[in-house]
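In this text, residue positions in the sequence shown follow UniProt numbering: the first is 1, and each later residue adds one.
Just below is one structure, and these are the notes that go with it.
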Amino acid sequence: MQSAHLYSSSDVLADMRMNITEEGSERVIWYKASISITPLQAMIGSAGCVKERFLADDEIVEHFVENGTSTILWTIHRPKRGWYIRLRTPSFPPDVFIPLLPLPQTSPYYLDSALTFACRNPPPFSLTISPTPNRQRKDSNETSEKTSETEEDIATHEYPPTPPPLAPSVVVHPPSPRMTQPKLGNYDFKAPPGRHATSSPPAKPPITHFVLSPQSRVTPQQAERSSLFTRMFSALKTNAPAHSYSFTLSPIPDPWAPSSPSTPGRHRDAVPATPVPLLTFSDQTPVWTVNSVSGVIEIDMKLVRSLGVETGFYLAVALTYLDFVSDRESYLAALND
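Dropping the structure here:
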């Protein structure tokens, strides 16, 4: 099941706004604005969230806030000098975050301007319904209706993700406290006979890796064959700018894992299968438009539910990546500082 939203930004320099509305409706769900006051605030709809931008001592911090409850859901951190993009939620321990990193060139999914991130996903839900003893059986139709409603409620329940172990080059983990034997005064607590003092830790949720990849309207082969006049005529005909901000957000295998040796009968440089996009942004900005971006955001809700992470997290990542691709040259200049 696909969920489609319309994205647009204004071309007024004093009030640059980004709106996300439902397709076929004018109701704004998310509204992001950069206002020329301090702090910079970005409203994301009366039914959605608010994004605020603050200037810290050494960082630019954006708050992704739920508008109805004024709860900070996510914070996006960027340095004043240098380059990094980090996402945090208040439930994270100090100095723990989800970084957006350049995709390594060794990855088969490598593209220029592609970024990658990862998060832990909660385990999938399993619903088991068994008859309760000493209770009358209800009508089968009523039971099936309640069962379907319960399954739907559980399937649509989503959680914020937890950060994964970071890549070796950007390990930022808080120190773990040493294992200590619990004490109360001068008395030591000891496990009763037949029981172990410590139990094996629960299995950690799986880690899912994602890639944010730009999309191009034409392939490099098509661009080489087409002349300047042909490209200008095509841009006027499609009413679309030559540069596109379209991109996809897709789950992929671990890009940091060492490449496995090629198996007999297979080429090591074989093109990998195209990943299934969880989120797709299609740039539909009209030609000759300045300081404004508009397009359609499509989300695969079935894939979102299977991963169990809230939709707002992916939208926060998508808006962050859109800022990155729209100001890519500044990011690259900061990276070389």
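Note that CB positions come from ideal geometry on N, CA and C, so glycine has one too.
Everything numeric in this text was worked out from a predicted model, so none of it was measured.
Beta-carbon contacts of residue i that lie in its chain and below 6 Å, excluding the five residues immediately before and after
{"i": "proline 272", "result": "Pro108"}
{"i": "tryptophan 74", "result": "Phe64, Leu87, Thr89 and Ala316"}
{"i": "isoleucine 252", "result": "Tyr109, His209, Val211 and Pro275"}
Nearest residue (CA-CA) to residue i, options the options
{"i": "isoleucine 207", "options": "Val296, Ser246, Val309 and Ala114", "result": "Val309"}
{"i": "leucine 307", "options": "Leu73, Tyr84, His63 and His209", "result": "His209"}
{"i": "aspartate 58", "options": "Phe117, Gly312 and Pro79", "result": "Pro79"}
{"i": "aspartate 327", "options": "Phe313, Thr69, Ile76 and Ser113", "result": "Ser113"}
{"i": "tyrosine 314", "options": "Pro161, Arg81, Pro122 and Glu329", "result": "Pro161"}
{"i": "phenylalanine 117", "options": "Thr69, Ser250 and Leu111", "result": "Ser250"}
{"i": "phenylalanine 97", "options": "Pro258, Tyr245, Ile76 and Ile297", "result": "Ile76"}
{"i": "leucine 111", "options": "Thr248, Gly312 and Thr311", "result": "Thr248"}
Residue i burial status per 10 Å Cβ neighbour count (16 or more: buried)
{"i": "arginine 86", "result": "buried"}
{"i": "aspartate 283", "result": "buried"}
{"i": "alanine 318", "result": "buried"}
{"i": "threonine 280", "result": "buried"}
Close beta carbons around residue i, own chain, < 7 Å, minus the five adjacent residues each side
{"i": "phenylalanine 92", "result": "Pro163"}
{"i": "asparagine 134", "result": "Note that asparagine 134 has pLDDT 48, beneath the 50 cutoff, so the model's placement of it is unreliable and no number is given."}
Rounded straight-line distance, which links the Cα of residue j to that of residue i
{"i": "proline 255", "j": "proline 104", "result": "7 Å"}
{"i": "glutamine 215", "j": "lysine 204", "result": "34 Å"}
{"i": "phenylalanine 83", "j": "proline 99", "result": "First, the residue type needs correcting, since residue 83 is tryptophan and not phenylalanine in the sequence shown. Taking the straight line joining both Cα atoms gives about 11 Å."}
{"i": "isoleucine 72", "j": "proline 90", "result": "7 Å"}
{"i": "glutamate 329", "j": "arginine 81", "result": "14 Å"}
{"i": "threonine 106", "j": "valine 296", "result": "31 Å"}
{"i": "threonine 69", "j": "leucine 278", "result": "28 Å"}
{"i": "serine 246", "j": "aspartate 95", "result": "32 Å"}
{"i": "valine 304", "j": "proline 275", "result": "15 Å"}
{"i": "isoleucine 60", "j": "methionine 301", "result": "31 Å"}
{"i": "glutamate 62", "j": "asparagine 121", "result": "24 Å"}
{"i": "glutamate 298", "j": "glycine 312", "result": "13 Å"}
{"i": "alanine 119", "j": "proline 258", "result": "Sequence check: residue 119 is cysteine here, not alanine. Their Cα atoms are separated by approximately 19 Å."}
Close beta carbons around residue i, own chain, < 8 Å, minus the five adjacent residues each side
{"i": "leucine 115", "result": "Ile85, Leu100, Leu101, Pro102, Leu103, Val211, Leu212, Tyr321 and Phe324"}
Residue i CB to nearest heavy atom of the ligand GDP below 7 Å
{"i": "tryptophan 256", "result": "Judged by which ligands are present, the structure shown has none, so any question about the ligand GDP falls away."}
(Q) Just to confirm the assignment: which complete beta strand (DSSP E) runs, minimum length 3, are found wholly within the segment 81-116? (A) With a minimum length of 3 residues, the continuous beta strand (DSSP E) runs that stay inside the segment 81-116 are 85-88 and 98-102.
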